[in-house]
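Step one of this worksheet: look at the structure below.
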Amino acid sequence: MPELGLLQREDVVSYVVILLFISGPINNIINLQNIYTRLIVANQRMNKFLDDFKGTESGIPRQNLVGVPFQSLEFKDVKFEYEGNEEEEKEYAFTLGPVNLKIERGETLFVIGGNGSGKSTFINILTGLYIPSSGRIILNGDTEIDLVDFQVLMTSIFTNNHIFSNNYDDYILDDNPKYKELVEMMELDEVLEDFTEKSARRKYSKGQGKRMSMIFALLEEKPILVLDEWAADQDPHFRKYFYEELVPNLKARGKTIIAVTHDDIYFKYADRIVKFDYGQVVKNFSVNEEVLKTESIW
Ligand SMILES: Nc1ncnc2c1ncn2[C@@H]1O[C@H](COP(=O)(O)OP(=O)(O)OP(=O)(O)O)[C@@H](O)[C@H]1O
Ligand SMILES: [Mg+2]
35 MPELGLLQRE DVVSYVVILL FISGPINNII NLQNIYTRLI VANQRMNKFL
85 DDFKGTESGI PRQNLVGVPF QSLEFKDVKF EYEGNEEEEK EYAFTLGPVN
135 LKIERGETLF VIGGNGSGKS TFINILTGLY IPSSGRIILN GDTEIDLVDF
185 QVLMTSIFTN NHIFSNNYDD YILDDNPKYK ELVEMMELDE VLEDFTEKSA
235 RRKYSKGQGK RMSMIFALLE EKPILVLDEW AADQDPHFRK YFYEELVPNL
285 KARGKTIIAV THDDIYFKYA DRIVKFDYGQ VVKNFSVNEE VLKTESIW
């Protein structure tokens, strides 16, 4: 440009110096645009995620139920509907209830019914994961509660259980005699290298994972144990052990057990059976040998 007489030679130096100095900040601003766009998208996603929780409050004042002695839990006209997103989905949307059911302290309750009858949906309500659309839950005969608050009295193992790689619980596994006893009881002592926290967080087969979850659940020492098809992944030997020894053993120690099951040959180990069909409780009866012989359960 100085050759063409468009610029003074000394001005070129100034321009080059200025351009060199501002190119860095300009590049930074351009790169920030990328981060800014990601921030906006993340913010939109978070708002959408939080929207999903709107309207899921039961409206019942929150209560601290830690240490409250459990006597009974009563479901009164409890209903739950899955919300279909599309119009056509709504037609097939599944409704659970109204469920009327009383669970007494210390009883072993088996929840039965065909595939898709609503057992797991019921368990998800019981464990506070799904908020009922209507109905009331009464604790110990007189207190209306939100089942979310009731979780402090219960420990649960779901069908698709997951074992965390860290311990977020209140108990410590290292040098814990109760843990050692439970590992031996669940016949996992040959699988684990030792009785430490580290070896507990190894990879398991499905059945082993369920047994480990049972160990963690029992270490919590909560009065109520909720199991959704726990024995389904167990081999015949351990399934037998579960129904014939573990369940009676826990019952003798005062645990209230609510277990979803399809294992009809072991139904006699329940105190009471509740059967679901199309989202309704269609049977609710105390178990004895006679009933099991005469009643056409299925
Ligand atoms: N997240 C969901 N959204 C919509 N509908 C669902 C959802 N989960 C389950 N359902 C429907 O609810 C009904 C009951 O399902 P649920 O899982 O409670 O059955 P289940 O009795 O546990 O069956 P299984 O013996 O197969 O475990 C089914 O018809 C199912 O299609
Ligand atoms: Mg299920």
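Take any residue in the sequence shown, note its place counting from 1, add 34, and you have its number in this note's numbering. For each residue, glycine too, the CB sits at the ideal point set by N, CA and C.
Taking each of Met220, Arg43 and Asp180 in turn and checking the Cα distance to Tyr275, the smallest one comes out for Met220. Put simply, the backbone Cα of Glu263 is about 17 angstroms away from that of Met188.
Measuring C-alpha to C-alpha distances from Asn194 to each of Ala251, Asn283, Glu141 and Lys240 identifies Lys240 as the nearest. DSSP, read as helix, strand or coil, puts Ala265 in helix. Here Gln242 is buried: its Cβ has 16 or more other Cβ atoms, across all protein chains shown, within 10 Å. Taking each of Tyr277, Leu135 and Pro166 in turn and checking the Cα distance to Lys309, the smallest one comes out for Leu135.
DSSP places Asp111 in the strand class (E or B) of the three-state scheme. Per DSSP, Glu44 has no beta bridge partner at all.
Within the chosen limit of 6 angstroms, ligand 2 reaches the beta carbon of Lys153 through at least one heavy atom. Take the alpha-carbon of Leu73 and the one of Val46: they are about 40 angstroms apart.
Here the alpha carbons of Val281 and Asp305 stand approximately 11 angstroms from one another.
Exposure of Lys237 is indicated by the presence of fewer than 16 other C-beta atoms within 10 angstroms of its C-beta. Ranking Glu115, Val186 and Asp297 by CA distance to the CA of Ile146 puts Asp297 first. For Ser233, the three-state secondary structure derived from DSSP is helix.
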